[in-house]
Amino acid sequence: MHILVNTGGGDAPGLNAVIRAVTLSALRRGWKVTGIRRGYHGLLQKDSDGLVNLTRDSVRGIAHLGGTILGTVNKGHPFEFITEVGGKKVLTDISDQIMERYRQIGADAVIAIGGDGAFRIANRFAQKGMKIVGVPKTIDNDLSCTQATFGFDTAVMVATEAIDRLHTTAESHERVMVVEVMGRYAGWIAMHAGVAGNAHVILLPEIPYDMAKVVAHLKRRYTNGRRYAVVVCAEGAAPKDGTMSTIGEELGREIRIGGLAEHLSAEINKLTGFETRSLVLGHLQRGGSPTHRDRLLALRFGAAAVRMVEEGKFGHMVAYHPPTMVPVLIEDAIKVMKTVPLDSDTVQTARDLGICLGD
Ligand code: F6P
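Residue numbers (the working numbering): 5 to 363.
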């Protein structure tokens, strides 16, 4: 057997642990493992930089490292690749060239480590005949059919620690600190880190917020003598009568979400007169070492993916259904985005603790 492995979409802590587990599990079976660099693009590179032979040595000491030794891309979709024609940028389908090279290599399977975007691509390659097994990665935790994706726990840990630190400076200066966390259209990071970090207001994409309610909550705190507050907003949260904040558009990639914390901070200051400051945690949430939980999950996902290749479960993703790993169809995993259920215990806990959710 010869298997290929790639990492696609935004990086997430734990990618290297999956690569290590895939490589060691495959080598133990006497298989050959090749890493594709930069998503699928390495398959089109003629030089030796595009593909890397994965050995025991190349995956030694990487399980605890952030990022991915294979590199990744979250633009340059193979079915909508950006090329220049007559000085103009246009989107071109280069998937057939990738399929041709895949067939030429004669690999038996591809283990694709990615989130929903990478799985949408994987699903289209699977329809063209690529034998794919997926491993669910995303700090956003928005992938369906699996109880967990690796990367999320680390992102929540980083965000919680940041929120903890903001409490002391907010209180010393009697300020409202507004912190924006990642998550795209799902509020998982904001909800988990916000509740764990004792935020006073948490805004999620799942609950369109009412600025008047947020302001009333903050004013009540100040009137009661607690003259500071920490507001956690998911980057994708939006007011009930408005739209999500975005940062410009780029050809060939999904819309970039961002800018909410700065906007909220200015609004709160205008409506309350309280001093405010804002910050965006951004890619800090994706960088660095995975927590032990993400590391273990990633190693388990990688080993399970190799078992699934052995069993011929192509077109499937490894899903964590505690206590085991099970195969689920990739097309099922990308059907619906997993968002924070409003009747979940964590949301109820936030309400019971008196945290304002903007509604
Ligand atoms: O999907 C992961 C994620 O980190 C989102 O939470 C965020 O909106 C996006 O990627 C940021 O992408 P980029 O790395 O291109 O800025």
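Note that the Cβ used here is the ideal one computed from N, Cα and C, for glycine as well.
By the criterion of at least three beta-carbon pairs nearer than 8 Å, the stretch 219 to 235 is in contact with the stretch 168 to 176.
Counting only residues of its own chain and dropping the five nearest sequence neighbours on each side, D298 has a CB closer than 7 Å to the CB of P17, G18, F154, G155, D157, T158. Bounds of the alpha helix (DSSP H) holding H177 are 156 to 177. DSSP, reduced to helix, strand and coil, places I261 within a strand of the structure shown. Restricting attention to E104, L8, T164, A354, the CA atom closest to the CA of R42 is found in L8. Taking a C-beta distance under 7 Å as the contact criterion, V26 and G306 qualify as a contact pair.
Secondary-structure assignment with DSSP links V330 through a beta bridge to A323. Closer than 6 Å to some heavy atom of the ligand F6P: that describes the Cβ of M186. The beta carbon of K317 lies closer than 7 Å to those of V137, P331 in the same chain, with the five residues before and after it left out. Using a cutoff of 6 Å, the CB of D298 does not count as near the ligand F6P, since none of the ligand's heavy atoms is closer than that. When V182, I167, M134 are compared, the shortest CA-CA separation from H196 is found for I167. Rounded to whole angstroms, the gap between the alpha carbons of R32 and T142 is 28 Å. Between the C-alpha atoms of F83 and E279 there is a straight-line separation of about 48 Å. A distance of 7 Å or more separates the beta carbons of D363 and C149. Its chain contains Y324, H325, P326 as the residues whose beta carbon lies nearer than 7 Å to that of Q151, once the 5 sequence neighbours on both sides are disregarded; these appear in chain order. Pairing D120 with N228, the inter-Cα distance amounts to about 45 Å.
Relative to the ligand F6P, the nearest heavy atom lies less than 6 Å away from the CB of D144. Residue burial annotation: I98 is buried, with at least 16 other C-beta atoms found within 10 angstroms of its C-beta.
Under DSSP, E184 shares a beta bridge with C237, V284. Between V322 and A30, the C-beta gap is not smaller than 7 Å, which leaves the two residues out of contact. In terms of Cβ geometry, D144 and R188 form a close pair [threshold 7 Å].
Distances from the CB of G252 to the heavy atoms of the ligand F6P are all 6 Å or more.
By the neighbour-count criterion, in which a residue is buried when 16 or more other Cβ atoms sit within 10 angstroms of its Cβ, I251 is exposed. In this structure the stretch 48 to 63 does not lie against the stretch 336 to 356, because fewer than three pairs of beta carbons, one per stretch, are closer than 8 Å.
About 7 Å separates the beta carbons of V77 and H45, which is inside the 8 Å limit, making them a contact pair. For the pair V344 and E184, the CB atoms are not nearer than the 7 Å cut-off.
Comparing alpha-carbon positions, the option among D53, M5, L285, F123 lying closest to L333 turns out to be F123. Listed in chain order, the non-local C-beta contacts of Q131 below 8 Å within the same chain number zero, local neighbours out to five positions each way being set aside. Distance from the CA of V219 to the CA of L275, rounded to the nearest whole angstrom, comes to 7 Å. Taking C-beta separations shorter than 6 Å and ignoring five residues to either side along the sequence, the partners of V37 in its chain run I7, T27, A30, L58, following chain order.
Separation of G70 and Q101 (C-alpha to C-alpha, rounded to the nearest whole angstrom) is 31 Å. Around the beta carbon of D356, fewer than 16 other beta carbons lie within 10 angstroms, which makes this residue exposed.
Within 6 Å of the C-beta of I261 there is at least one heavy atom belonging to the ligand F6P. The Cβ atoms of V22 and V160 lie no closer than 7 Å to each other. Between the alpha carbons of A116 and L268 lies a gap of roughly 38 Å. With a contact defined as Cβ atoms closer than 8 Å, G54 and L47 qualify at about 6 Å.
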